[in-house]
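What follows is a single structure, written as structure tokens, with notes after it.
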Amino acid sequence: MYNFLSGAKRSSIFKGFSRFSGSLPVKTSLTQKSIEYIYRVGIRNNEIKEDLLSETRRIHPDDAIMSTDRIQGDFMENPVQSMNAKKCIEIGVFTGFSSLCTALGLPDDGKIFALDISEEFTSIAKKYWKLAGIDHKIDLVIAPALDTIARLRREGHENTFDFAFLDGDKENYLHYYENLLPLMRKGGMILVDNVAFLNLAADNTQNDGEAVGVRQLNERIGRDDRVKSIALPFGDGIFMVTKNRLF
Numbered sequence: 005m006y007n008f009l010s011g012a013k014r015s016s017i018f019k020g021f022s023r024f025s026g027s028l029p030v031k032t033s034l035t036q037k038s039i040e041y042i043y044r045v046g047i048r049n050n051e052i053k054e055d056l057l058s059e060t061r062r063i064h065p066d067d068a069i070m071s072t073d074r075i076q077g078d079f080m081e082n083p084v085q086s087m088n089a090k091k092c093i094e095i096g097v098f099t100g101f102s103s104l105c106t107a108l109g110l111p112d113d114g115k116i117f118a119l120d121i122s123e124e125f126t127s128i129a130k131k132y133w134k135l136a137g138i139d140h141k142i143d144l145v146i147a148p149a150l151d152t153i154a155r156l157r158r159e160g161h162e163n164t165f166d167f168a169f170l171d172g173d174k175e176n177y178l179h180y181y182e183n184l185l186p187l188m189r190k191g192g193m194i195l196v197d198n199v200a201f202l203n204l205a206a207d208n209t210q211n212d213g214e215a216v217g218v219r220q221l222n223e224r225i226g227r228d229d230r231v232k233s234i235a236l237p238f239g240d241g242i243f244m245v246t247k248n249r250l251f
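Going by this note's numbering, the first residue of the sequence shown is number 5, and it counts up by one from there.
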């Protein structure tokens, strides 16, 4: 969640790189005008998506930062569709933008287990899922996510999920990851949001529980030989994690 691509903040993300021993990308020369141009040509119009984000900002202005960024949502559709995913799980629904995008990449018989604890936020989600005609693809579960994952594992769902989106409370990020991974099939993908966590994850002096939780997961993924992974520096930073073996 944490929509980080707006105004000056958007530009700061792309300008935040420097060259260190060839291991980091070269500092970009993208201007704010160029970034806005990329957004303009790179995002296809979708009124339902725009209306959902607008209503989120209007009704929950103080929480709207938790919504997945517009371009990131569109990006999510691509791996879901290209890998022919049918069975997905999401931790952290908020008002449903990421679930909407994932569902649009699924075939008609695809399914998302959407896990959240808020009836209030997800009431907006349900409205727009129905408007988009994809509500039949989404099984919303209002309960603690770790409890739901444990139930799915008991019911025999291990090694069966194609795609997961992790965007829940950051203190539990590492726990979510370790419990999600057994659910994923070989070649299944977990997309982890908020790798940078509002620029706090990179600052080791930040000992906030959420920043620490994100940092712990980032470090775990980086040394986890069960997966292949790459971190992408857009939005608030995302990790693309692919399970490379069964266990």
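Quick reminder that beta carbons are idealized off the backbone N, C-alpha and C, glycines included. Small disclaimer: the values here were computed from a predicted structure and weren't measured.
N-terminal and C-terminal residue of the alpha helix (DSSP H) that residue i is part of
{"i": "Val-45", "result": "36 to 46"}
{"i": "Asn-82", "result": "74 to 86"}
Which residues DSSP lists as bridging residue i, in chain order
{"i": "Lys-247", "result": "Val-231"}
{"i": "Ile-63", "result": "Paired residues: none, contrary to the question."}
{"i": "Ala-168", "result": "Ile-93, Ile-194"}
{"i": "Ile-242", "result": "Asp-197, Leu-236"}
Alpha-carbon spacing of residue i relative to residue j, whole angstroms
{"i": "Arg-155", "j": "Ser-38", "result": "47 angstroms"}
{"i": "Gly-192", "j": "Ser-33", "result": "35 angstroms"}
{"i": "Thr-246", "j": "Asp-166", "result": "10 angstroms"}
{"i": "Lys-251", "j": "Glu-162", "result": "This sequence places Phe at residue 251; Lys is not what is there. C-alpha separation (whole angstroms): 10 angstroms."}
{"i": "Lys-190", "j": "Arg-249", "result": "5 angstroms"}
{"i": "Glu-81", "j": "Ile-142", "result": "15 angstroms"}
{"i": "Gly-26", "j": "Thr-106", "result": "Bear in mind that the predicted position of Gly-26 carries a pLDDT of just 43, short of 50, making it too unreliable to give a figure here."}
{"i": "Ser-86", "j": "Leu-110", "result": "10 angstroms"}
{"i": "Asp-240", "j": "Ser-103", "result": "18 angstroms"}
{"i": "Phe-18", "j": "Lys-90", "result": "Because the pLDDT at Phe-18 is just 35, under 50, the model does not fix this residue reliably, and the point stays unresolved."}
{"i": "Glu-214", "j": "Leu-108", "result": "30 angstroms"}
{"i": "Ile-63", "j": "Leu-57", "result": "10 angstroms"}
{"i": "Gln-220", "j": "His-140", "result": "36 angstroms"}
{"i": "Arg-158", "j": "Thr-35", "result": "51 angstroms"}
{"i": "Leu-135", "j": "Asp-151", "result": "30 angstroms"}
{"i": "Ala-68", "j": "Val-145", "result": "21 angstroms"}
{"i": "Asp-55", "j": "Ala-118", "result": "20 angstroms"}
{"i": "Asp-207", "j": "Ser-122", "result": "30 angstroms"}
{"i": "Asn-222", "j": "Thr-209", "result": "16 angstroms"}
{"i": "Leu-195", "j": "Val-216", "result": "19 angstroms"}
{"i": "His-179", "j": "Asn-211", "result": "18 angstroms"}
Practice task
Let me know the beta strand (DSSP E) ranges lying completely inside the segment 177 to 238, each 3 residues or longer, listed in chain order.
Solution key: 188 to 197, 231 to 236
Problem - Touch test, the segment 91 to 101 against the segment 164 to 181, Cβ-Cβ under 8 angstroms, three pairs minimum - result: yes
Handout entry: Contiguous beta strand (DSSP E) assignments of at least 3 residues, all confined to the segment 88 to 153
Key = 91 to 95, 115 to 120, 142 to 146
Practice task
Decide if the segment 99 to 111 is in contact with the segment 126 to 146; the criterion is three or more beta carbon pairs, one per stretch, under 8 angstroms apart.
Solution key: The answer is yes - the segment 126 to 146 touches the segment 99 to 111, with three or more Cβ pairs under 8 angstroms.
Problem - Stretch-stretch touch, CB-based, cutoff 8 angstroms, three pairs: the segment 41 to 51 with the segment 73 to 88 - result: yes
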